[in-house]
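*Asks:* Here's a structure for you.
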Amino acid sequence: MEEPGDVAKAASIPKSSSSRRILQIERTLSKTSTAVSHAQEHFFSRLARCIARRPVVTIAVCLAAFLVCIPGMLLLDGSENMFGFIKIMVNFMDTFTFTTTDEYKDYERATAIFPDTRSLVFLAKPLGGRGIVSSEVIRQIHQAEFQIKDVTRFTSEDGRELGFRDVCEKFSSDSPCITGSATTTLLGMDVTSRLAELEALEGNGSFTGPDAAMWVVQAMSIEQRAGLPLLFAAPLDFPGADAGDVAVSQWLSESTAAMSSFTLIDTEDGIRFEKQAAKDINENGYPENAVVRINQFSSSTIAMESVQIGMDNVPLIAVTLVLMAGYVVLMLGTDTRIPGNSQIKLLLGATCIPALSGGASFGLLGYCGLGMTVLGTMVPFLGLAVGVDVIFLLISSVNAVGPGVKDMEEVMVRALPRGGVAATTTTLTSVSAFTIAAATSTDLPGFLSFNLGLVMVLILNWIGMLIMLPAMITLSQRNMTVREEPQSGFEAKARVVMGGGRRLRALMNAKLGEAVERSLPFQVCGASVWVVLTILGIYFGLQVGRGMPDTYFVTDSSKVHGYLEDVQSSFVGSVPMELGLVFDAPKVLDKTYRSRMSDLVAALNNRSDLALPVDCWLHRAVGSLSTSASMCEVDTAVLTYLNDTNTGLASARDSSGGITDHLQAARCRVFLWQPTDSEKRSQQALDVISQVKDGFPELNVIPYHLSFPSQTARYRVIKDKTFSTAGFAFVGVFLAVLITMPVHLAFLAVGNVMAVTCVLFGFMYACGITCNVISYSVCVMAIGFCVDYSCHIVHFAEHGVEPGTPWDKRMRHSLEACSFDVMQGCSTAFLGVAMLGFGSAEAFRIFALLAVVITLVGGFFALIGLPCLLALLSRAFRACAGSEEEVKDAEIIQDVGFSFDKFSV
Numbered sequence: 046m047e048e049p050g051d052v053a054k055a056a057s058i059p060k061s062s063s064s065r066r067i068l069q070i071e072r073t074l075s076k077t078s079t080a081v082s083h084a085q086e087h088f089f090s091r092l093a094r095c096i097a098r099r100p101v102v103t104i105a106v107c108l109a110a111f112l113v114c115i116p117g118m119l120l121l122d123g124s125e126n127m128f129g130f131i132k133i134m135v136n137f138m139d140t141f142t143f144t145t146t147d148e149y150k151d152y153e154r155a156t157a158i159f160p161d162t163r164s165l166v167f168l169a170k171p172l173g174g175r176g177i178v179s180s181e182v183i184r185q186i187h188q189a190e191f192q193i194k195d196v197t198r199f200t201s202e203d204g205r206e207l208g209f210r211d212v213c214e215k216f217s218s219d220s221p222c223i224t225g226s227a228t229t230t231l232l233g234m235d236v237t238s239r240l241a242e243l244e245a246l247e248g249n250g251s252f253t254g255p256d257a258a259m260w261v262v263q264a265m266s267i268e269q270r271a272g273l274p275l276l277f278a279a280p281l282d283f284p285g286a287d288a289g290d291v292a293v294s295q296w297l298s299e300s301t302a303a304m305s306s307f308t309l310i311d312t313e314d315g316i317r318f319e320k321q322a323a324k325d326i327n328e329n330g331y332p333e334n335a336v337v338r339i340n341q342f343s344s345s346t347i348a349m350e351s352v353q354i355g356m357d358n359v360p361l362i363a364v365t366l367v368l369m370a371g372y373v374v375l376m377l378g379t380d381t382r383i384p385g386n387s388q389i390k391l392l393l394g395a396t397c398i399p400a401l402s403g404g405a406s407f408g409l410l411g412y413c414g415l416g417m418t419v420l421g422t423m424v425p426f427l428g429l430a431v432g433v434d435v436i437f438l439l440i441s442s443v444n445a446v447g448p449g450v451k452d453m454e455e456v457m458v459r460a461l462p463r464g465g466v467a468a469t470t471t472t473l474t475s476v477s478a479f480t481i482a483a484a485t486s487t488d489l490p491g492f493l494s495f496n497l498g499l500v501m502v503l504i505l506n507w508i509g510m511l512i513m514l515p516a517m518i519t520l521s522q523r524n525m526t527v528r529e530e531p532q533s534g535f536e537a538k539a540r541v542v543m544g545g546g547r548r549l550r551a552l553m554n555a556k557l558g559e560a561v562e563r564s565l566p567f568q569v570c571g572a573s574v575w576v577v578l579t580i581l582g583i584y585f586g587l588q589v590g591r592g593m594p595d596t597y598f599v600t601d602s603s604k605v606h607g608y609l610e611d612v613q614s615s616f617v618g619s620v621p622m623e624l625g626l627v628f629d630a631p632k633v634l635d636k637t638y639r640s641r642m643s644d645l646v647a648a649l650n651n652r653s654d655l656a657l658p659v660d661c662w663l664h665r666a667v668g669s670l671s672t673s674a675s676m677c678e679v680d681t682a683v684l685t686y687l688n689d690t691n692t693g694l695a696s697a698r699d700s701s702g703g704i705t706d707h708l709q710a711a712r713c714r715v716f717l718w719q720p721t722d723s724e725k726r727s728q729q730a731l732d733v734i735s736q737v738k739d740g741f742p743e744l745n746v747i748p749y750h751l752s753f754p755s756q757t758a759r760y761r762v763i764k765d766k767t768f769s770t771a772g773f774a775f776v777g778v779f780l781a782v783l784i785t786m787p788v789h790l791a792f793l794a795v796g797n798v799m800a801v802t803c804v805l806f807g808f809m810y811a812c813g814i815t816c817n818v819i820s821y822s823v824c825v826m827a828i829g830f831c832v833d834y835s836c837h838i839v840h841f842a843e844h845g846v847e848p849g850t851p852w853d854k855r856m857r858h859s860l861e862a863c864s865f866d867v868m869q870g871c872s873t874a875f876l877g878v879a880m881l882g883f884g885s886a887e888a889f890r891i892f893a894l895l896a897v898v899i900t901l902v903g904g905f906f907a908l909i910g911l912p913c914l915l916a917l918l919s920r921a922f923r924a925c926a927g928s929e930e931e932v933k934d935a936e937i938i939q940d941v942g943f944s945f946d947k948f949s950v
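Under this note's numbering, residues 46 to 950 are what the sequence shown spells out, in order.
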């Protein structure tokens, strides 16, 4: 007859082969993690002996390794300099643009044929109720134009003094510079004399603003009128260049702003001129006079803003280091293994290790030929945030040995394996998260360098904290003896202040674990918060928007804000955009090709967002030819157009190669109204690309504009990229955790981190923060940061616990072992990123806000949410199991009673 225990045991054995296979895999992985853990402990034991025997040599070697890496910062790749010697990558096309999108590839193809140019633009907005067509307003605009074209000078790299005419784009070497002058468009080439005439007319009190607009319009050519909507902003729709004088003058009198643009060649000298011209405009009082407000923007503006942001972050790094050192001293200053002592010097030195790691990581990037973006300036903050956490862990491990062990070698042999295994696990998971993020972001160079910098700083932190810090602890405690606690005086007061860590540790050990294990209300509250926040995060996180305002990477004090505000208020909802169309290897000898080209031009001219008719020299040259035109006629038409004195110069810059079959490429220009709203702008770009490429595939036309890869493509893919990168990071972290933990613990740790990430997305939705480059980096950082907290909790729930122990007791054991250290990890992470909230740009304040959220939520979920959930489930399981046992006992009693009655009868 079978015993009940045998029946239960048999029932617990999986029946199916798949179940047995899963169980076998789980056991194999658990054995592997156990073997890895034992191997780590053996490694750290041997390492501890080496360190304890030669602490001075260990410190010297580590310090030399860090110092050797730091000079590599001078080799960082970049286009701009911080502090005159550290280069930084600032070009958005090289940093924050996805290089695998079709928009980026099309832009690269087009600009390889027709190199892109640089531009300097200023926007003039009349003040005091003045209109654009006013002599004093036009005079100020003309003065600013004169400043750029004739006054601004700069020194080239070879020492020559150059000006605008030396760096501007021209049709030919002896032709005038290509500019979009607001004053020339209004008054013609002789601006000075026409301006004097207007001033004289305004002397007549009856000569009003509409009269001035009519006077200006009547003298305009059709070419001048055609340029009005590109250079002047008005709330009314432009009536058209061929409209009557009354309609055009009414539109012009309603104009609220004027824009002048200057086209430069894309060279180092062109960049230098941009910077000097912007400086001259800002320093000559144009933005702040009483007549007109003039704000400028150029191709170098955002680059220079990025440099300024990077330099502004450096003092914040120093402040963060000081705060971190003060906090560590406050918490651990007197928390020594041997009573009555202090370790302030040790802690100050230990806090410098993450700072050294940050500098060394930049140096390694430089030695590898990589660069750093403005995002890279956050790496030292994050290095401090995660590195200092190990100080608490290692000090706790050393103190756990107790004062009874006198030999420091034996102390380190006992302490380093405990702290080293935990630190290695968390470092491995964080490195895995950021390595996966780097591998999945190779198409976003700026994010790639950011993640690689984090990987390097984490590895260097691990080396410094587990090799250099143990050596420093050995030297610090080698000659320590037990001392009595001072009872009065300054030293006694200082020790009370620095004893906060010990008191807090005792409080958490006594209260938190007990509440999680025994208090049902506490379990219900903690588990409910975990579940509710996770569900809300999933629901609202899926609805989070996308896009990044242009002002995110602009300092608060920058005049760029004024420029963008004036553009937004003047060009209501949309701004003029020059779209390029490159006809690659045009087959103009083919009559079908010519016909389809005419259809394309007609289709674009019918767009509702068209600002000006399509400017296509190739269509004007051959589009009107008959379908039966011979090769000779086509050759003659193209050659005649290119050699014409009026059209040839302008067309030459838009042609590549010879003519007909030898014509390699031709460029046409389409002027559209581009929406300022990110979503509408992206939809317009997709519509234009689809209309040109999908509607006319046989023409092999490349539509391109700088905003397509740098803004619209990033807007389109950033949300999917964020979710996919986070998913890959979760997988990588899970696999890394499997190496050091059993499968069920790995699921718990990664599941908790996934819950934190869901809450982060929900918070983003609630605060109106979208998926963009900043939130993209924070989401990956959330995984790398929060996995540390969860790993500590689940690791100590298994470490030193008897098999079969209920989970509520496991959670109490874990919290008593590491809750203080986990909380300190959250605190130091908070301090590490909090100073970014005082950054000079919105992007870094948003980064700091999201980082603080994941730190607080991650700490709560690890210390309270997950332990309460597991303890509550354990309590519920035992209650259900107890009910089942009671039912079985009742059934047995009933059966026995029935048999006894039957026997009695």
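Backbone N, C-alpha and C define an ideal beta-carbon position, used for all residues, glycine too.
Which residue marks the beginning of the beta strand (DSSP E) containing R714, and which one marks its end?
*Replies:* L708 to P720
*Asks:* Can the beta-carbon of D833 be found less than 8 Å from the beta-carbon of T474?
*Replies:* yes
*Asks:* Are there three or more Cβ pairs, one per stretch, closer than 8 Å when the region 841–858 is compared with the region 618–631?
*Replies:* no
*Asks:* Could you name the residues of the same chain whose beta carbon sits closer than 6 Å to that of T381, not counting the 5 residues immediately before and after it, in chain order?
*Replies:* Correct list, in chain order: Q388.
*Asks:* Mind pulling the alpha helix (DSSP H) runs of 4 or more residues that sit fully within the region 875–915?
*Replies:* Correct list: 887–905.
*Asks:* Beta-carbon separation of L901 and M369 under 8 Å?
*Replies:* no
*Asks:* Going by C-alpha to C-alpha distance, which of E214, E202, R210 and T229 sits closest to H187?
*Replies:* T229
*Asks:* Return the chain-ordered ranges of every alpha helix (DSSP H) run that is complete within the region 94–159 and spans a minimum of 4 residues.
*Replies:* 100–114, 137–140 and 147–158
*Asks:* Quick check on DSSP: helix, strand or coil for D51?
*Replies:* Any reading at D51 is ruled out, since the residue's pLDDT is 43, under 50, leaving its predicted position unreliable.
*Asks:* Following the continuous beta strand (DSSP E) through R163, name the residue where it begins and the one where it ends.
*Replies:* R163 to P171
*Asks:* Tell me where the alpha helix (DSSP H) around A800 begins and ends.
*Replies:* First-last of the alpha helix (DSSP H) with A800: V788 to C812.
*Asks:* Starting from A656, follow the beta strand (DSSP E) in both directions and report where the run begins and ends.
*Replies:* Bounds of the beta strand (DSSP E) holding A656 are L655 to D660.
*Asks:* Could you tell me which of P851, P621 and Q709 sits nearest to R563, measuring between CA atoms?
*Replies:* Distance from the Cα of R563 is smallest, within the candidate group P851, P621 and Q709, for P851.
*Asks:* Is the distance from the Cβ of S164 to the Cβ of P171 below 8 Å?
*Replies:* no
*Asks:* When the Cα of E621 is compared with those of L717, I133, S603 and S266, which residue comes out closest?
*Replies:* Checking the sequence shown, residue 621 turns out to be Pro, not Glu. When each option's Cα is compared against that of P621, the closest is L717.
*Asks:* Measure the C-alpha to C-alpha separation of F806 and D434 and round it to an integer number of angstroms.
*Replies:* 26 Å
*Asks:* Are the CB atoms of A323 and S305 within a distance shorter than 8 Å?
*Replies:* no
*Asks:* Measure the alpha-carbon distance for N817 versus L895 and round it to whole angstroms.
*Replies:* 13 Å
*Asks:* Identify which residue in N554, V458, N524 and R548 has its Cα closest to the Cα of L511.
*Replies:* Among N554, V458, N524 and R548, the Cα nearest to that of L511 belongs to V458.
*Asks:* Closest to F585 by CA distance: which of E244, F88 and C812 is it?
*Replies:* C812
*Asks:* So, are the CB atoms of A278 and S294 less than 8 Å apart?
*Replies:* Taking 8 Å as the cut-off, the beta carbon of A278 is found no closer than this to the beta carbon of S294.
*Asks:* Please name the residue or residues paired with L624 in a DSSP beta bridge.
*Replies:* Under DSSP, L624 shares a beta bridge with V715.
*Asks:* Where does V337 fall in DSSP's three states?
*Replies:* strand
*Asks:* Rounded C-beta distance between N340 and G607? I'm assuming under 8 Å.
*Replies:* 5 Å
*Asks:* To the nearest angstrom, how far is it from the Cα of L915 to the Cα of I70?
*Replies:* The C-alpha of L915 lies about 24 Å from the C-alpha of I70.
*Asks:* Assuming V746 is part of the beta strand (DSSP E), what are its boundary residues?
*Replies:* Per DSSP, V746 belongs to the beta strand (DSSP E) from V746 to Y749.
*Asks:* Does M304 come out as helix, strand or coil in the three-state DSSP assignment?
*Replies:* strand
*Asks:* Rounded to a whole number of angstroms, what is the C-alpha to C-alpha distance between A935 and R923?
*Replies:* Legend: pLDDT at A935 = 49, less than 50; position of this residue unreliable, no value from coordinates given.
*Asks:* In whole angstroms, what separates the C-alpha of R712 from that of Q185?
*Replies:* 36 Å
*Asks:* Are the region 634–647 and the region 765–775 in contact at 8 Å, needing three or more beta carbon pairs?
*Replies:* No: fewer than three Cβ pairs fall under 8 Å.
*Asks:* In three-state DSSP terms, what is D380?
*Replies:* coil
*Asks:* Return the CA-CA distance between F792 and E861, expressed in angstroms with no decimal places.
*Replies:* 22 Å
*Asks:* Does the beta-carbon of K764 have 16 or more other beta-carbons within 10 angstroms, so that it is buried, or is it exposed?
*Replies:* buried
*Asks:* Can you tell me the Cα-Cα spacing of F252 and R239, whole angstroms?
*Replies:* 16 Å
*Asks:* When burial is assigned at 16 or more other CB atoms within 10 Å of the CB, is N496 buried or exposed?
*Replies:* buried
*Asks:* Could you pull the start and end residues of the alpha helix (DSSP H) that G829 belongs to?
*Replies:* Element bounds for G829: V818 to E843.
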